[in-house]
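Reviewing the structure listed below.
Okay, here's the thing in structure tokens:
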């Protein structure tokens, strides 16, 4: 068991490296630098900034394109030098990129995501530290809604197979999958905040603020959980040990709750990993609708502001979180289901 | 041995098939027609497509025709869905938005279909180390939080429709690849594949003329379920302002505009939101019906 976990943890390393490299390449390939802002800064200042962020590497310049090292070089002059020697320029860029990759990777390994490109007085770590707990709270509440509603509806549907209760809950589930959360969210705000004035429409200030966003985010997953619960339960109910339990004279309630649920809910457990991934993605839009200061919102703002260090860190942190969550789900699945073998 | 002589009689036998009772497809068609909800969904979808494709020619207003003095008003005889803040007719804008949303859904699904089928079929057919390597790549890609990467991609490289198709398609081919691989792996042991190989058909021919057509059932089912997912993702991106750019419209963009103005003009959220939901609902229902019809074992 512990060997299995250790092996899986080691397996995460290449995956994370791929994710890191992919987002790093996206960042490098993006046209325009982070400091080519609307308001141009003096060439010397820009150069120092770029040196600090390792967008410029004196060693590479000296080796491949020494002309760039002249002090006070303007952007236009640099462009002229680069277009004169396209090959050296390309090699110099590759060299700088390699240096930057190594620098950022070693920082990431130590858990230091560096400074934000946009907000020079705040580090990316500060953003993540303030946003991640909020997003996790939101995800947790959404997950509670999803499991409560989904398991309830799924169990009802399975025990009343092909009766009206079954059709009603499965129809509702398909509706839940089909209503986009960015349609549902505003509608719920309109009804419960603006018209009835029961719950606050936005911000994040206590449990009353969490109800509508949590429900909006969780309902689609409740629908999937309901479908999986119904399918899993119907599969199990046909098996021999359930017939035995019934033959012993156990009440239907006990048969379902004590015997069938254990096997019938395995599909739901294995769905929790992908569901978490979906919740993270969904939180991007939910946090925007409800003005919640979580990492999803920071991510979109960062992407729009071209604050790439922050955006990249959010992607990597999310990936770490999801990979670990998936690992935990797999371990739990193995504990619940003796048929699963850890290879 | 003379290959030409062998190839002739073996592969012209397909036309005789009608003699032998009901085929898989006829069975499936019968089952699908019995599923009333699926038939109703198909009918609604046909109506939605007609509404979006033909509608703009019937309605007298243009989708970017502004009337700032008129402004946003509710439904009336001249504007059935009302008008938006710029006095543009919401009915026509909803139709145009639907065109874009459906187009993105179809094109991105086509991208994911092509990629997924080709990748999965090649991996399953050749097997061995190539298969292991290719599937390992899929496993790794599965764990990437893709919407985040797509958002970064769209922000950094411009927000064009083509990029949107490619990005969404490139994200959703993984499951298709896995499904096709599984099908191909079980089919490649069959006698007809052996016969094709014996008569000298090339690998590509065996994969795309013999194996893929036989795996069509699950492919169709999964494709139908991919379309609503991709449409939802497009709407999601448009909602964030990363999809289609104004004055063009897509359902996601209209919902986003509507949500901003809903306090005073709820109709701006209601109509596009309802259209999007109805379309996604019908697509999902149809996909479920197709799955029950084509592959009764997969029923959940």
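Residue numbers (our numbering), protein chains in the order written: chain A, 10 to 352; chain B, 2 to 301.
Glycine is no exception: its CB is placed at the ideal position from the N, C-alpha and C atoms.
query	result
Using CA coordinates, which residue listed in A:165, A:203, A:36 is at the minimum distance from residue 242 of chain A?	A:165
Of all Cβ atoms in chain A, is any one closer than 8 Å to the Cβ of residue 36 of chain B?	no
Following the continuous alpha helix (DSSP H) through residue 293 of chain B, name the residue where it begins and the one where it ends.	268 to 295
Determine, for residue 122 of chain A, whether the minimum Cβ-Cβ distance to residues of chain B falls below 8 Å.	no
Are the CB atoms of residue 101 of chain B and residue 245 of chain B within a distance shorter than 8 Å?	yes
Name, please, each residue of chain B whose Cβ falls closer than 7 Å to the Cβ of residue 132 of chain A.	None at all; the shortest Cβ gap to chain B is about 20 Å.
Within 8 Å of any Cβ in chain A, is that where the Cβ of residue 285 of chain B sits?	yes
Do residue 258 of chain A and residue 225 of chain A have their C-beta atoms within less than 8 Å of each other?	no
Given a cut-off of 8 Å on the beta-carbon distance, is the pair residue 101 of chain A and residue 136 of chain A in contact?	no
Please report whether the beta-carbon of residue 202 of chain A lies at a distance below 8 Å from any beta-carbon of chain B.	no
Any beta carbon from chain E within less than 8 Å of residue 338 of chain A's own beta carbon?	No chain E appears in the structure shown, which is made up of the protein chains A and B.
From what residue to what residue does the alpha helix (DSSP H) around residue 61 of chain A run?	52 to 61
Should residue 33 of chain A be flagged as near chain B, meaning a C-beta pair shorter than 8 Å?	no
Count the other C-beta atoms from every protein chain shown that fall within 10 angstroms of the C-beta of residue 249 of chain A, then say buried if there are 16 or more, exposed otherwise.	exposed
Given that residue 324 of chain A touches chain B, what residues does it touch there, using C-beta distances under 9 Å?	145, 146, 149, 150, 153
Residue 84 of chain B by DSSP, collapsed to three states: which one?	strand
So within the region 173 to 257 of chain A, which uninterrupted alpha helix (DSSP H) runs reach at least 4 residues, ignoring any that extend past its ends?	173 to 187, 190 to 197, 216 to 246, 249 to 256
Look at the Cβ atom of residue 213 of chain B, then the Cβ atom of residue 118 of chain B, and state whether they are nearer than 8 Å.	yes
List the whole-angstrom C-beta distance separating residue 106 of chain B from residue 235 of chain B, where the pair is believed to meet the contact cut-off of C-beta under 8 Å.	7 Å
Going by DSSP, what residue range makes up the alpha helix (DSSP H) through residue 338 of chain B?	The structure shown has nothing for residue 338 of chain B, since chain B only spans 2 to 301.
With 8 Å as the threshold, decide whether the Cβ of residue 151 of chain A is near any Cβ in chain B.	no
If you run the structure through DSSP and keep just helix, strand and coil, what is residue 124 of chain A?	strand
Measuring CA to CA, which of A:260, A:98, A:288 is closest to residue 227 of chain A?	A:288
Where does residue 224 of chain B land, buried or exposed, given buried means 16+ other C-beta within 10 angstroms?	buried
When the Cα atoms are used, what is the spatial distance from residue 176 of chain B to residue 179 of chain A?	24 Å
Among B:92, B:39, B:203, B:260, which residue has its Cα nearest to the Cα of residue 203 of chain A?	B:260
Please work out which residues of its chain come closer than 6 Å, Cβ to Cβ, to residue 257 of chain B, disregarding the five sequence neighbours upstream and downstream, and give them in chain order.	240
Closer than 7 Å: is that where the CB of residue 188 of chain B sits relative to any heavy atom of the ligand PLP?	Among the components modelled here there is no ligand, and therefore nothing to report on the ligand PLP.
By how many angstroms is the C-alpha of residue 170 of chain B removed from the C-alpha of residue 329 of chain A?	25 Å
Run through DSSP, which three-state label would residue 260 of chain A get?	coil
Could you give the first and the last residue of the continuous alpha helix (DSSP H) run that contains residue 167 of chain B?	162 to 172
Tell me which residues of the region 201 to 225 of chain B have at least one Cβ-Cβ distance to chain A shorter than 8 Å, keeping chain order.	none
Starting from residue 102 of chain A, trace the alpha helix (DSSP H) in both directions and tell me its first and last residue.	95 to 118
Rounded to whole angstroms, what's the CA-CA distance from residue 91 of chain A to residue 97 of chain A? Just pull it up for me.	8 Å
Pick from A:344, A:55, A:232, A:252: whose alpha carbon is nearest that of residue 177 of chain A?	A:232
Starting from the beta carbon of residue 276 of chain B, find every residue of chain A whose beta carbon is closer than 9 Å, and list them in chain order.	Those do not exist, as residue 276 of chain B stays about 10 Å from chain A at its closest Cβ, beyond 9 Å.
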